[in-house]
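Per the numbering used here, residue 62 is the first one in the sequence shown, and the count goes up by one each step. We put the CB at the ideal spot given by N, CA and C, even for glycine. Input: a single structure, listed below in structure tokens.
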Amino acid sequence: MICETIEDVGFQAKLIEEEMNHEKSSQVCRIQVNGMTCTSCSTTLESALQVIPGVSKAQVALATQEAEICYDPKIVDCNQLLEAIGNTGFEGILISTGGDNSRILLKVDGVNTENCVRLIKSSLLALPGVQEIDFDLQLKKLSVSYTAEVTGPRDFIRAIESTASGCFKASIFPEGREREEHRHQEIRQYHRAFFWSLVFTVPVFFTSMVFMYIPGLKNVLETKVANMLTVGQVLRWALSTPVQFIIGRKFYVGAYIALSHGYANMDVLIALGTNAAYFYSVYSVLRAATSPTFKASDFFETSSMLISFILLGKYLEVLARGKTSEAIAKLMDLAPKTATLLTTDDKGNVVNEEEVDSRLIQKNDVIKTIPGSKVACDGLVIWGRSHINESMITGESRPVTKKTGDMVIGGTLNENGVLHIKATRIGSETALSQIVRLVESAQMAKAPVQRFADHISKYFVPLVIALSFCTWISWFLAGTFNSYPRTWIPSSMDSFELALQFGISVMVVACPCALGLATPTAVMVGTGVGASLGVLIKGGQALESAQEVDCIVFDKTGTLTIGKPMVVNTRLFKNMVPQEFYELIAAAEVNSDHPLAKAIVEYAKKLRGSEENLVWPEASDFESITGHGVRAIICNKEVILGNKSLMMEQGIAIPVEAEEALAETEGQAQTGILVSIDKELIGVLSVSDPLKPEAPEVISILKLMNIESMIVTGDNWGTANAIAKQVGIERKNVVAEAKPGQKAEKVKELQDLGKVVAMVGDGVNDSPALVAADVGIAVGAGTDIAIEAADIVLMKSSLKDVITAIDLSKKTFRRIHLNYFWALGYNLLGIPIAAGVLFPSTHFRLPPWIAGAAMAASSVSVVCSSLLLKNYRKPKKLNTLDLQGIIVE
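In structure tokens form, the structure reads like this:
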């Protein structure tokens, strides 16, 4: 109503709050899609999903056989999405939904009727925190959405098993295993189909190409049955028919589904090619059976051998495709299968220990972790002390000490002591689950280069069919009008049959699969390798941009430096007791989450001689001035801490001695913080944040890679220039005292100069620049906001991984280009050869069954080419960096 009124007077208006609420309400679900054979299938399904009302984004990956859909649950639900996939001719199986509530799948045995389902639903809905329930009676699968803070899976199992006098039995549904089981089932199906096709095809091959040259067997096979119909022809017809219609049925089904939905896929090519060979052979033998003079030539071996080789290719492809996602399987295996659940009394004493499935852990449970076992979930240590090996998550090789009050990560290894851990994040909320989800999303996201294959796929199959027809008609007309010598025609066929073989060869030699798999398989392996090295790359877009980077902008604190600053010196210019001075400034800084503020508060605690139960004076009118400092009223005194520009803005005079102290501090690569009380400058704090050992060598290696390095920091000019000098960055490439918006502006300024810019940062103030950059790289130890904004996350917080990320992206895209070169080169070379361009000069022709074998081999070779990325090793220059960051020759 308001928008309409505004528009009536000549302006445009839209309701921002409603738009924001719409964005917040969107969910992401993942669906396994069965039945896709080539990139034509994936692009068609993607287009069908994107036009559904409520769907804002849909990605369909051929390599993973999955779809990721962002949708508004108020407009469309998962069942409607599954129905839409079914209407497009494919089978959809829901893997996960992305609502705000937690969701778990349970298998419930003993449920046979709708009345049983109603009983279970009513029992569960009576529990607090249960939001939504869905039951699949056929699979005995129960889906429960719930609020994790209120209830959990153990409560659901107890409620179900207490319903109807214990008639039902509930357990965790093997959700992940369902996908794995489907993959193994697909492998078994192709293996079984290939085996039976061989059983029939091998005799066909021998009767047509081997036994005909053995005198005794030749006489038997050439024995007439009816007119000119021979025993050999009847035998080949009988053996090839099951291969064509029973074993090859899936190609008919796939072709029918594709054509009925208005597109053509690989199945269409296979069905047309094999049918042409088979039905021409049927026509030939039937004519021979009814004619005393017509001598039949059959191609039964062509159709049966084509199907056999294609099934072999699909079998090898499915095997190889499964290996591209091994990184996710390894990540998921990090989570322990069981956990020791502790029951405590009101005083916190342990009264019972119970081993439970780790998926049954609920929030606020207390879990016991013994030496040598894995931490079952993210949580807080409430008792005990130990060393935790976090290398499998963060890549940090040295064990980290954990004591009461410290956080631990699920999937990490407890090395010595016993710990009692209070579960704070479970299920999909854990760090491990988020990493898995990030890698899965990365493998779903399409690189821009994939658009090339998607565009070609729209026209590829129709073009191949047209080329096949043109090849057949050209050779047929040439033979009819005697445009080539009759000696070119093999003795076993006529000009029509020769033309038909050329046409069939063209149809089956073309391979759209190789094009469709060239990019996604390489991206899957590349992102998986990155995850195993502690470099999380968020998809193909990030990979493609990273390999083009020619300028890297570094934040200083926590990026080039360790990020744990400490106060190293204090200079007071007025007679004031240090403890009183630090009590005032700590009371102001305790309200800030900036690393420098935390360093000041920690130093003040040490001066007080205690770190426990400290109470600082209350601060009023607290103000954090981003990029400059803080201001607050404490004990009726105005306290201001910050840089020189803040003091000047506040009209505070800076005496000469303070200027000298500040210059001396900054010259030592330390940060100088000015402190004023009641508009009078009282002192200067020197805060040191040690440089990361590897920083100078990393900058040196980037120079060798022709990548320009810059520092853009909110710190003062003196410190920024000193750090730049230490790491080897030129003074002209330093920008200091920059606010968050100014960092983003500097990135855009570099982009306007034609540079491909990467931003490396770790703080909230780096987020605008991380988003603005072509590639945002977040240091893993940084804030959640920075990590969310970035395209690449360095889990080990090591600058060496900046080089690893860029080098891995370059290697991945070289592999993609190689895959495209192979896939396109194969088709561009194979189709003309199959069409007979070499036949006039060399008399070489590609029989249809060899063409089919070549087609099967092409897609397998592309997947295997991508799999070679699993052998990726970090650049040798990085391996020579020792702990001090010195290059060891």
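Buried or exposed by the 16-neighbour rule on C-beta atoms within 10 Å, applied to residue i
i     : result
K667  : exposed
N932  : exposed
G577  : buried
Y520  : exposed
L1016 : In the structure displayed, the chain extends from 62 to 950; residue 1016 sits before or after that span and is not available.
S345  : buried
R669  : exposed
H516  : exposed
H245  : exposed
I695  : buried
K356  : exposed
H904  : exposed
E758  : buried
P214  : buried
M708  : buried
V169  : buried
T462  : exposed
N82   : Here the model assigns N82 a pLDDT of 46, short of 50, so the residue's position is not dependable, and the following value carries that caveat. It is exposed - the Cβ of N82 has fewer than 16 other Cβ atoms within 10 Å.
F229  : buried
F340  : exposed
L186  : exposed
S223  : exposed
G886  : exposed
Short Cβ contact (8 Å threshold) for residue i with residue j
i    : j    : result
M568 : S535 : no
G619 : V863 : no
V436 : T465 : no
A231 : K424 : no
E699 : K659 : no
T580 : G600 : no
K861 : D827 : no
A571 : N173 : no
A496 : A866 : The question names Ala, but residue 496 in the sequence shown is Ile. Not a contact, by the Cβ cut-off of 8 Å.
D467 : I623 : no
S606 : D813 : no
I428 : G440 : yes
R973 : S926 : The displayed coordinates of the chain run from 62 to 950. Any statement about residue 973 would go beyond what the structure contains.
A896 : L561 : no
L604 : T262 : no
L395 : L493 : yes
T158 : C139 : yes
D688 : K800 : According to the sequence as given, residue 688 is Gly; it is not Asp. Result yes, Cβ atoms of G688 and K800 sit closer than 8 Å.
Q305 : S365 : yes
A109 : A145 : yes
K202 : F234 : yes
S447 : E414 : no
Opposing strand residues paired with residue i [DSSP bridges]
i    : result
N413 : T404
I701 : R692 and S737
T430 : L480
C90  : I130
L752 : T622
K285 : T291
T212 : According to DSSP, T212 bridges with nothing at all.
K168 : K202 and S232
D439 : R486
T687 : According to DSSP, T687 bridges with nothing at all.
M627 : S749
Whole-Å CB distance - residue i paired with residue j, under 8 Å assumed
i    : j    : result
L746 : I734 : 4 Å
I832 : V818 : The question names Ile, but residue 832 is Val in the sequence shown. About 12 Å; that fails the 8 Å criterion.
G147 : V94  : The pair is not a contact, with the Cβ atoms about 10 Å apart (cut-off 8 Å).
M505 : E362 : Not really, about 42 Å apart at Cβ, beyond 8 Å.
G334 : P909 : 7 Å
I768 : I613 : 6 Å
T404 : I482 : The pair is not a contact, with the Cβ atoms about 15 Å apart (cut-off 8 Å).
L869 : G433 : That pair is no contact at about 33 Å.
V773 : V629 : In fact, because the Cβ distance is near 25 Å, the residues do not count as touching under 8 Å.
Query - Complete beta strand (DSSP E) runs within the segment 240-282 (minimum length 3 residues, chain order) - result: The DSSP assignment places no complete run of the beta strand (DSSP E) inside the segment 240-282 (cut-off: 3 residues).
Self-check item: Every unbroken beta strand (DSSP E) inside the segment 581-622 [3 residues or more]
Solution: Counting whole runs of 3 or more residues, the segment 581-622 contains the beta strand (DSSP E) stretches 596-598 and 612-615.
Handout entry: In chain order, each beta strand (DSSP E) run of at least 3 residues that lies wholly inside the segment 752-822
Key = Here the runs fully enclosed are 769-773 and 818-822.
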